[in-house]
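There are 2 protein chains.
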Amino acid sequence: MTSPDAKTDGKTAADLIITGCTALVHDDHEQIDFVEDATIVVRDGLIEAVTTEPMDLAALPDLPAAEHIDARGQIAMPGLVNCHTHAPMVALRGVAEDLPVEEWFNDVIWPIESNLTEKDVELGARLACAEMIRGGVTCFADHYFSMDTVAAVVAECGMRANLGEAYFSSQGAEGRERSLDFALRQRGGADGRITTSLAPHAPYTVDDADLAKAAQLAREHGLLVHTHAAENRDQTDTSLARHGRTPIEILQGAGLLDVDLLIAHGTGIVERDLPVLARATGRIGVASAPRGYLKFAWPTTTPVRALRELGIPVGLGTDGAASNSSLDVWDAMALTALVQKSTEGDPRWLTSRQALHHATLQSTRAVGLGQEIGSLAPGRKADIILVDLTGPHTQPVHDLPATLVHSARSSDVRTTIVDGRVLMRDRELLTLDVPGIVGELEERMPSLLDRSHGRKIQDYDT
Amino acid sequence: MTSPDAKTDGKTAADLIITGCTALVHDDHEQIDFVEDATIVVRDGLIEAVTTEPMDLAALPDLPAAEHIDARGQIAMPGLVNCHTHAPMVALRGVAEDLPVEEWFNDVIWPIESNLTEKDVELGARLACAEMIRGGVTCFADHYFSMDTVAAVVAECGMRANLGEAYFSSQGAEGRERSLDFALRQRGGADGRITTSLAPHAPYTVDDADLAKAAQLAREHGLLVHTHAAENRDQTDTSLARHGRTPIEILQGAGLLDVDLLIAHGTGIVERDLPVLARATGRIGVASAPRGYLKFAWPTTTPVRALRELGIPVGLGTDGAASNSSLDVWDAMALTALVQKSTEGDPRWLTSRQALHHATLQSTRAVGLGQEIGSLAPGRKADIILVDLTGPHTQPVHDLPATLVHSARSSDVRTTIVDGRVLMRDRELLTLDVPGIVGELEERMPSLLDRSHGRKIQDYDT
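As you go down the protein sequences, you meet chains G and S in turn.
Under numbering that gives the first Met the number 0, the first residue of the first sequence carries the number 0, and numbering increases by one thereafter.
Under numbering that gives the first Met the number 0, the first residue of the second sequence carries the number 0, and numbering increases by one thereafter.
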């Protein structure tokens with residue numbers, strides 16, 4: 000991402016200098032802290048410094064080659080991470096409303112997905128990336144089909160992503176092999192912005208032997224496994240009735256708790272799962288997407304407090320837009336705080352600082368990038384967003400974390416930067432053309448939405 | 000609001016023509032419907048027509064004097080109504096976070112409110128109106144102090160409002176008299192945009208005799224009464240323990256269910272209250288502000304389904320920003336749908352069309368303006384918002400009500416119109432200067448926030 004004329008006087012030029020912002024940082028105990036009137040120096044896509052030292056830009060010979068953003072009045076934060084989504088499903092936003100999850104899957108989504116073409120995935124992924132960049136999301140963990148296409152979109156649009164090709168046991172060995180092939184082939188792609196996962200769909204669609212095979216492959220190849228598990232309480236109850244084990248116990252039996260594992264949702268994690276999770280030797284993370292749980296009227300949400308006591312990071316996600324209606328991680332952050340307070344009956348729990356910790360380091364750990372991103376600290380990748388708090392809805396600021404979590408909205412993100420490259424400047428997308436994408440997507444709709452064939456890709460029968 | 004040169008050829012000019020929009024209307028059964036490629040004609044602040052007839056603007060002699068908005072690609076909707084707020088409290092946004100309600104009142108808010116000056120109220124109300132206009136709110140029901148000041152801000156900024164001067168029994172007869180004087184003096188103000196209420200604070204701060212007096216005055220003067228009641232379950236339990244009656248039964252005993260009554264919150268409305276409410280002879284409405292209930296970790300929310308069965312309209316509100324963090328009614332609409340689904344355990348309940356009905360006719364009925372606003376229909380006042388759905392987060396549109404409720408955000412409102420007058424055009428506020436207001440408010444903060452005096456305006460002891 001170094002600009003072509005970035006070398007001056009034999010020194011490597013900084014890619015980017017952001018001045019005058021208030022920077023959200025983590026202190027030595029990982030508490031959220033703020034540095035006022037900060038300058039952020041980015042070189043070769045990495046954060047070199049977050050400093051309050053006055054800098055005389057003109058006096059530094061290597062700086063004229065860099066891009067300079069005057070961010071006075073703005074907050075610089077680590078870019079948000081969407082820890083669990085199916086990006087291309089934005090194409091299906093609104094096709095299955097006000098339904099229980101089994102009808103949502105069996106009557107609408109899985110029949111429609113039997114029509115999916117690579118073009119649909121490509122256009123959906125582009126639209127999703129546009130939505131996410133506009134909402135301050137710099138990285139997403141995606142679990143879907145035709146993922147080579149999604150990888151190409153990631154390369155094109157400049158985002159960071161962890162990508163996994165989903166598979167079911169109903170596909171035989173081929174699904175798993177394709178998932179592994181994808182993961183090995185694409186990791187490190189897009190100038191290192193792409194990491195990959197093995198992506199078995201869920202314990203209710205992938206059998207025990209295949210889950211064990213996934214664990215073995217993950218260990219062999221050092222891959223993260225990204226799967227849905229204990230999505231809701233019904234799944235846990237059904238699993239107990241059919242197999243005498245919870246979905247978490249099934250993962251454990253397959254060896255998946257002894258590799259790096261990203262569990263989507265986990266609202267069906269129950270008391271007896273906690274000691275099982277406590278014995279995990281892999282790095283386990285959970286992605287929580289609370290809007291969809293409310294919309295599906297699930298009786299519980301992700302047990303964030305219990306997971307915290309186990310030291311398991313809970314990252315923020317949106318799931319696909321076909322259930323969640325949006326890929327708004329900012330909204331997931333606020334809703335997580337609200338729903339957690341309500342669920343625990345404790346207004347002091349999940350403070351705004353805690354919510355910001357989930358949105359930063361816990362999210363990056365959940366997707367296996369805990370050392371690379373998630374904090375504005377020297378050596379981390381320069382995934383940075385600038386948030387404007389001058390709007391009437393965010394003034395006055397008596398409590399900056401609360402303003403960010405409960406008053407600001409994703410639309411207050413003005414600038415989105417990944418690897419030091421500006422992907423949105425003053426709310427203008429620089430790498431994606433939304434009207435063009437929407438126009439092409441419209442044309443795809445009749446064949447994508449057709450359910451007259453009676454096929455579906457899978458049965459929801461947990 | 001007729002423009003000065005509005006008369007041409009002896010005909011009254013239309014104030015405003017909006018063309019090319021999709022208009023949200025109500026059908027004969029009050030179901031939400033949409034008229035595509037609609038033209039909305041506004042004359043003298045009233046909606047004259049919502050039509051799909053092609054109009055040759057140049058050929059109509061009276062039209063050149065009118066303002067013309069080309070709204071292709073936008074949705075025209077009735078302006079949102081904030082059915083319960085304390086607008087000036089935006090000045091206190093974030094001062095009391097992550098606290099139970101009793102500490103929030105006793106330790107922070109009521110001590111700070113003993114410092115309130117008219118200037119604080121004025122600046123807070125201005126900032127609140129700026130936030131609301133930007134969020135597509137055209138009318139708000141306010142319950143606070145120094146309400147003449149709020150009325151002056153409403154006159155200045157062009158919004159519509161129902162205003163009530165709050166009082167406690169601890170103020171003696173003087174509080175009630177001031178509230179009545181305000182209500183009688185200000186009603187019909189700001190060219191008819193101001194209506195008024197009597198505003199006894201709540202059954203736990205206003206005694207039975209004073210509540211009965213409020214009912215009597217309301218009947219005598221034809222005034223709405225706006226009060227907090229059964230705000231949470233604790234209040235109901237405490238009321239039962241102390242008085243053997245629920246807050247709703249206390250209102251009933253005082254005669255307040257036989258006048259027009261706006262009840263804020265009602266999350267503590269219990270089973271035994273339902274027959275009491277069913278026997279009400281006044282027009283009762285309830286304002287629900289779900290974000291704050293989650294934030295305070297209250298165990299229940301407004302019982303929307305039970306109230307619907309009684310025919311009691313439930314309007315949307317935000318409460319004050321000191322608890323709710325924002326005055327975002329769009330967010331209240333989405334959260335109402337989500338929380339209702341979750342609370343009832345029924346994903347089919349509170350559909351997006353129902354949510355839009357709450358946001359329109361139920362809200363306007365709750366604030367006593369059911370005949371004046373709330374629908375884009377001839378003869379109604381021209382309180383209209385234009386919403387842009389071209390952003391990536393609202394595309395594609397498979398289900399327009401769902402897109403509006405669950406994907407769109409208040410920041411998608413581009414234009415806000417009250418009484419036919421444009422208050423925000425393309426997100427630019429035309430009647431309020433936010434940086435100026437914020438700058439003045441900053442200066443007020445040290446004296447407003449001072450709690451060293453040990454005073455407070457009231458005790459929270461339900």
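Every residue, glycine too, gets a C-beta built ideally from N, C-alpha and C.
Keep in mind the model is a prediction, meaning the values are calculated, not measured.
> Hey, quick one: how far does the beta strand (DSSP E) through G:His-225 stretch, first residue to last?
Replying inline: The count along the first sequence starts at 1 and reaches residue 225 of chain G at position 226. That run of the beta strand (DSSP E) goes 223-228.
>> So, with DSSP's three-state summary, where would you put G:Lys-455?
In response: Locating residue 455 of chain G in the first sequence gives position 456, counting from the first residue. Three-state DSSP puts G:Lys-455 in coil, outside helix and strand.
>> Just to make sure I have the definition right: I need the residues of chain G whose C-beta is within less than 9 Å of the C-beta of S:Met-444. Which are they?
In response: As a working mapping, residue 444 of chain S is identified with position 445 in the second sequence. In chain order, Pro-395 and His-397 make up the part of chain G whose C-beta sits under 9 Å from the C-beta of S:Met-444.
> Roughly how many angstroms lie between the CA atoms of G:Lys-118 and G:Glu-130, to the nearest whole one?
Replying inline: For this step, residue 118 of chain G is matched to residue 119 along the first sequence. For this step, residue 130 of chain G is matched to residue 131 along the first sequence. Distance between the alpha carbons of G:Lys-118 and G:Glu-130 is about 18 Å.
>> Here's the rule I'm using: 16 or more other beta-carbon atoms within 10 Å means buried, otherwise exposed. How should S:Ala-341 be labelled?
In response: Taking the second sequence and counting its residues from 1, one reaches residue 341 of chain S at position 342. First, the amino acid is wrong: residue 341 of chain S is Ser here, not Ala. Flag for S:Ser-341 reads buried.
> Who pairs with S:Gln-73 in a beta bridge, going by DSSP?
Replying inline: One-based indexing of the second sequence puts residue 73 of chain S at position 74. Under DSSP, S:Gln-73 shares a beta bridge with S:Asp-387.
> S:Cys-138 bridges to which residues according to DSSP?
Replying inline: The residue given as residue 138 of chain S occupies position 139 in the second sequence. According to DSSP, which records beta bridges pairwise, S:Cys-138 is partnered with S:Val-80 and S:Arg-159.
> If we cut at 8 Å on Cβ distances, does G:Val-303 have a partner in chain S?
Replying inline: The residue you call residue 303 of chain G lines up with position 304 of the first sequence. No - not a single Cβ of chain S is within 8 Å of the one on G:Val-303.
>> Do G:Leu-375 and G:Leu-45 count as a contact pair if the criterion is CB distance below 8 Å?
In response: Counted from its first residue, the first sequence places residue 45 of chain G at position 46. Counted from its first residue, the first sequence places residue 375 of chain G at position 376. Not in contact: G:Leu-45 and G:Leu-375 (Cβ atoms no closer than 8 Å).
> Taking the alpha-carbon positions, what's the S:Thr-300 to G:Pro-99 distance?
Replying inline: As a first step, residue 300 of chain S must be located in the second sequence, where it is residue number 301. As a first step, residue 99 of chain G must be located in the first sequence, where it is residue number 100. So the alpha carbons of these two residues sit roughly 22 Å apart.
> Among S:Gly-373, S:His-220 and S:Val-89, which residue has its Cα nearest to the Cα of S:Leu-183?
Replying inline: Position 184 of the second sequence, counted from the first residue, corresponds to residue 183 of chain S. Checking every option, the nearest Cα to that of S:Leu-183 belongs to S:His-220.
> Is it right to say S:Ala-208 is buried, meaning 16 or more other beta carbons lie within 10 angstroms of its own, or is it exposed?
Replying inline: Position 209 of the second sequence holds residue 208 of chain S. Its Cβ having fewer than 16 others within 10 Å, S:Ala-208 is exposed.
>> What does the alpha-carbon distance come out to for the pair G:Leu-122 and G:Cys-82?
In response: Counted from its first residue, the first sequence places residue 122 of chain G at position 123. Counted from its first residue, the first sequence places residue 82 of chain G at position 83. In this structure, the CA atom of G:Leu-122 is about 21 Å from the CA atom of G:Cys-82.
>> Does G:Gln-339 pass the burial test, meaning 16 or more other C-beta atoms within 10 Å, or should it be called exposed?
In response: The residue labelled residue 339 of chain G in the question sits at position 340 within the first sequence. By the 10 Å Cβ count, G:Gln-339 comes out buried.
> Is the CB of S:Ser-451 under 8 Å away from at least one CB in chain G?
Replying inline: Walking along the second sequence from the start, residue 451 of chain S turns up at place 452. By this cut-off, S:Ser-451 is not an interface position.
> Are there 16 or more other CB atoms within 10 angstroms of the CB of G:Asp-69, so buried, or fewer, so exposed?
Replying inline: The sequence position of residue 69 of chain G within the first sequence is 70, counting from 1. G:Asp-69 should be labelled exposed.
> Between S:Asp-536 and chain G, is there a C-beta pair that is closer than 8 Å?
Replying inline: The structure shown does not extend to residue 536 of chain S, since chain S is modelled only from 0 through 461, so no value can be given for it.
>> Check whether chain S comes within 8 Å of G:Leu-98, counting only Cβ atoms and requiring the distance to be less than that.
In response: Locating residue 98 of chain G in the first sequence gives position 99, counting from the first residue. So yes, G:Leu-98 belongs to the interface.
> For S:Val-437, which residues in chain G fall below 9 Å Cβ to Cβ?
Replying inline: As a first step, residue 437 of chain S is located in the second sequence; it is residue number 438 there, counting from the start. Neighbours of S:Val-437 on chain G, chain order: Thr-389, Pro-391, Gln-394 and Pro-395.
> Any heavy atom of the ligand SAM within a distance shorter than 7 Å of the CB on G:Arg-184?
Replying inline: In the structure shown, the ligand SAM is absent, as is every other ligand, since no ligand is present at all.
> In terms of alpha-carbon separation, which member of G:Glu-96, G:Asp-259, G:Trp-329 and G:Ala-160 lies closest to G:Arg-218?
Replying inline: As a working mapping, residue 218 of chain G is identified with position 219 in the first sequence. Taking each of G:Glu-96, G:Asp-259, G:Trp-329 and G:Ala-160 in turn and checking the Cα distance to G:Arg-218, the smallest one comes out for G:Asp-259.
> When you check each C-beta in the region 283-296 of chain G against every C-beta of chain S, which residues fall closer than 8 Å?
Replying inline: Interface annotation for the region 283-296 of chain G against chain S: Arg-290, Tyr-292, Leu-293, Lys-294, Phe-295 and Ala-296, criterion Cβ-Cβ distance under 8 Å.
> Using a beta-carbon distance cut-off of less than 8 Å, what residues from the region 177-197 of chain G approach chain C?
Replying inline: The chain labelled as chain C is not found among the protein chains of the depicted structure, namely G and S.
> Quick one: what's got a C-beta closer than 6 Å to S:Leu-412's C-beta in the same chain, skipping five residues either side?
Replying inline: Looking up residue 412 of chain S in the second sequence gives position 413. Sequence check: residue 412 of chain S is Val here, not Leu. In the same chain as S:Val-412, and ignoring 5 residues on each side of it, the C-beta atoms closer than 6 Å to its own belong to Gly-135, Ile-384 and Val-386, in chain order.
> Taking all protein chains shown into account, do 16 or more other C-beta atoms lie within 10 angstroms of the C-beta of S:Glu-47, making it buried, or fewer, making it exposed?
Replying inline: Position 48 of the second sequence, counting from 1, holds the residue named residue 47 of chain S. So S:Glu-47 counts as buried.
>> Applying the 10 Å Cβ sphere with the 16-neighbour rule, what's the burial state of S:Pro-3?
In response: In the second sequence, counting from the first residue as 1, residue 3 of chain S sits at position 4. Any reading at S:Pro-3 must be qualified, since the residue scores a pLDDT of 39, below 50, and its modelled position is unreliable; no value is offered.
>> If you follow the alpha helix (DSSP H) that S:His-17 is in, where does it begin and where does it stop?
In response: Within the second sequence, the letter at position 18 stands for residue 17 of chain S. Sequence inspection shows Ile at residue 17 of chain S; the His mentioned does not correspond to that position. Residue range 15-25 is occupied by the beta strand (DSSP E) that includes S:Ile-17, with no alpha helix (DSSP H) assigned at that position.
> According to a CB-to-CB cut-off of less than 9 Å, which residues of the region 136-153 of chain S neighbour chain G?
Replying inline: Legend: CB atoms of the region 136-153 of chain S lying less than 9 Å from CB atoms of chain G are not found in any residue.
> Is DSSP giving G:His-242 helix, strand or coil here?
Replying inline: Your numbering for residue 242 of chain G matches position 243 in the first sequence. Residue state, collapsed to three classes: helix.
> Taking Cβ-Cβ distances shorter than 7 Å, what residues in chain S pair up with G:Gly-265?
Replying inline: Position 266 of the first sequence holds residue 265 of chain G. By Cβ distance, chain S contributes nothing, its closest Cβ being about 17 Å from G:Gly-265, past 7 Å.
> Where does S:Ala-240 land, buried or exposed, given buried means 16+ other C-beta within 10 angstroms?
Replying inline: Locating residue 240 of chain S in the second sequence gives position 241, where the first residue counts as 1. Residue environment analysis places S:Ala-240 among the exposed positions, since fewer than 16 neighbouring C-beta atoms fall within 10 angstroms of its C-beta.
> Which residue from S:His-142, S:Gln-185, S:Ile-268 and S:Asp-14 puts its Cα closest to that of S:Thr-235?
Replying inline: Position 236 of the second sequence, counted from the start, is the residue given in the question as residue 235 of chain S. Ranking the options by Cα distance to S:Thr-235, first place goes to S:Ile-268.
> Start and end of the alpha helix (DSSP H) containing S:His-220?
Replying inline: Position 221 of the second sequence, counted from the start, is the residue given in the question as residue 220 of chain S. 207-220 is the extent of the alpha helix (DSSP H) around S:His-220.
> Can you list, in chain order, the residues of its chain whose CB lies under 8 Å from that of G:Ala-214, leaving out five sequence neighbours each side?
Replying inline: Locating residue 214 of chain G in the first sequence gives position 215, counting from the first residue. Only residues of its own chain outside the window of five on either side were considered, and among them Val-224, Ala-253, Gly-254, Leu-255, Asp-257 and Val-258 have a CB closer than 8 Å to the CB of G:Ala-214, listed in chain order.
> In terms of residue numbering, what span does the beta strand (DSSP E) encompassing S:Pro-199 cover?
Replying inline: Along the second sequence, read from residue 1 onward, the residue named residue 199 of chain S stands at position 200. Start and end: 193-199.
> Is there at least one Cβ from chain G nearer than 8 Å to S:Glu-130's Cβ?
Replying inline: Translated into positions along the second sequence, residue 130 of chain S becomes position 131. Between S:Glu-130 and chain G, the shortest Cβ-Cβ separation is below 8 Å.
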